[in-house]
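Participant:
Numbering (this note's numbering), first residue to last: 74 to 592.
1) Within 8 Å (strictly less), CB to CB, does residue 400 reach chain D?
2) Taking its Cβ as the centre, do 16 or more other Cβ atoms sit within 10 Å of residue 543, making it buried, or is it exposed?
3) Tell me where the alpha helix (DSSP H) around residue 540 begins and ends.
4) When we look at the beta-carbon of residue 358 and count the other beta-carbons within 10 Å, is it buried (16 or more) or exposed?
5) Return yes when the Cβ of residue 297 is within less than 8 Å of the Cβ of residue 263, no when it is not.
6) For my contact list, residue 200 and residue 226 are in at a C-beta cut-off of 8 Å; report their separation, rounded to the angstrom.
7) Per DSSP, residue 534 forms a beta bridge with which residues?
8) Taking the runs of the beta strand (DSSP E) that are 3 residues or longer, which of them lie wholly in the region 384-469?
9) Which partner residues of residue 501 appear in the DSSP bridge assignment?
10) Would the beta-carbon of residue 335 fall within 8 Å of that of residue 380?
11) Can you give, in chain order, each stretch of the beta strand (DSSP E) that sits fully within the region 144-191 and has at least 3 residues?
12) Measure the alpha-carbon distance for residue 372 versus residue 235 and round it to whole angstroms.
13) I'd like the list of long-range same chain contacts for residue 136, defined as Cβ closer than 8 Å, with 5 residues on each side in sequence excluded.
14) Contact check, residue 328 vs residue 443 under 8 Å by CB: the rounded distance?
15) Less than 6 Å between C-beta atoms, sequence neighbours within five positions excluded: which residues of the same chain meet that for residue 481?
16) Compare the C-alpha of residue 383 against each of 392, 367, 397, 376 and name the closest.
17) Using a threshold of 8 Å, state whether the C-beta atoms of residue 194 and residue 143 are closer than that.
18) Report the residue ranges of all alpha helix (DSSP H) runs contained in full by the region 203-235; include only those spanning at least 4 residues, in chain order.
19) Considering only residues of the region 313-387, which uninterrupted beta strand (DSSP E) runs meet the minimum length of 3 residues and lie entirely inside it, listed in chain order?
20) Quick one: grab the DSSP three-state call for residue 558.
21) Where does the unbroken beta strand (DSSP E) through residue 273 begin, and where does it stop?
22) Measure the C-alpha to C-alpha separation of residue 354 and residue 257 and round it to an integer number of angstroms.
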């Protein structure tokens, strides 16, 4: 008799003894108790394989925030606005709109999440943006007292700087946030570190390979805290996923796939070109000073800079970077041995030179695995992120699911006795509600599904950028390390640049770790 039949017969005998005096309802209750018994058996089998998983990081508690930190921001576009809001500063226009949305839609929790953030005890003393309108918005955010910790201290209007070098010389600024287009990141990071300022910089860390080496050397030699803007490092499901991989639950992992699918103009970087964005309100010469190609004022290139390699890093640096960093967080892969990429401008025939369809294959022969990424900006099908092991596969996004493989070696005995089935998840982990609260645009919904907007700690919702910022602030105050430090930033930059180089040169590229160069 098979193990599966043995378990079933024992369960049947015990249940029928209990139901023998209830002939009318016996069949119904037998089926009910049988299901419950087997659910319990499967749950016990799953737990025996998973072992004890760590609890998610604790909810941030209110405590003495430490010495007041004085901040400056360089660049107040879309990400600059989001990062300042994560620090507790936003414009009166945003707070008024957010409160109105909440009144009209109880599911919209944007304002509630913002106002309930931890007060990080920081002040905004300096603002630098070469577009007058955005600089004025940042100044308004610096004194808006509709914020976390409202009324705890007097807010003064930040000083506007027209050149970032002057902001870095200011004695009343301890740390800077760099949220400019990619082509300015490297020079600003190095100048900031050499000025003794702590640095939070948006990804991609640099626009070119050579810049990545230069930034790495300067930051390593500096005595500052550096954080690269990969807020996915704070996502609860990624932490669980790493535990599961580390426990060997998936078995040998040989293939990882991750994707980006977006299908709206904003997701393809067709941003609004503001009417007041002219050569009189934008310092165009300063904008293009670090760009390899110079031209007369071009509003589209200023507002939609991500569409050109002169200023941005394409799908590799913009979106693959999120996916790679998540995989690197979970698997600690580091820089691949080789990369080969392909794609093209297949949908948005608007003069851009970065592809709107893109795929890359990374090889890690020392880890016996391949990592594949693919993207399109002309279709919104959600394809997720999957880790494929011999014994199980794991899908990771806003939630996490582990499903055993039918030909698993590890789970063979439990599959034979029916306590584990390849048709049912071994483990499923979901954080937060089923709804994506207060997220309206297709692009924002994409980021929310990836977990890049909010995460949950003990059922409470947190802005991931706020948690990432808080980690940086805590590191400055306490001397701790950041989760996306210069080592991780360097790995991300080289990995993304390998894909771009392969795409542009139409060949396989290889990383030489001894000579520290891409060949």
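Every residue, glycine too, gets a C-beta built ideally from N, C-alpha and C.
Facilitator: Result, derived from the coordinates:
1) Within the model displayed, chain D is absent; a lone protein chain is all it includes.
2) Classification for residue 543: buried.
3) Segment 537-551, the alpha helix (DSSP H) holding residue 540.
4) Result: exposed.
5) Going by beta carbons, residue 263 and residue 297 fall outside the 8 Å limit.
6) Not confirmed; about 19 Å, so no contact.
7) DSSP lists 529 as partners of residue 534.
8) Taking only runs of at least 3 residues, the beta strand (DSSP E) segments lying wholly in the region 384-469 are 411-417, 430-437, 442-449, 458-462, 465-469.
9) Per DSSP, the beta bridge partners of residue 501 are 474.
10) Going by C-beta atoms, residue 335 is not nearer than 8 Å to residue 380.
11) Annotation: the region 144-191 contains no complete segment of the beta strand (DSSP E) (minimum length 3 residues).
12) Rounded to whole angstroms, the gap between the alpha carbons of residue 372 and residue 235 is 19 Å.
13) Reliability of the predicted coordinates at residue 136 is poor, the pLDDT of 49 falling under 50, and no value is obtained from them.
14) Yes, they are in contact, since the Cβ atoms of residue 328 and residue 443 sit about 5 Å apart, within 8 Å.
15) Result list for residue 481: 464, in chain order.
16) The shortest C-alpha separation from residue 383 is found at 367.
17) Note that the C-beta distance between residue 194 and residue 143 is not below 8 Å.
18) If we require 4 residues or more, the alpha helix (DSSP H) runs fully inside the region 203-235 come out as 205-215.
19) Entirely contained in the region 313-387, the beta strand (DSSP E) runs reaching 3 residues are, in chain order, 326-334.
20) Residue 558 falls in the coil class under three-state DSSP.
21) Bounds of the beta strand (DSSP E) holding residue 273 are 271-274.
22) Annotation: residue 354 to residue 257 spans about 19 Å, alpha carbon to alpha carbon.
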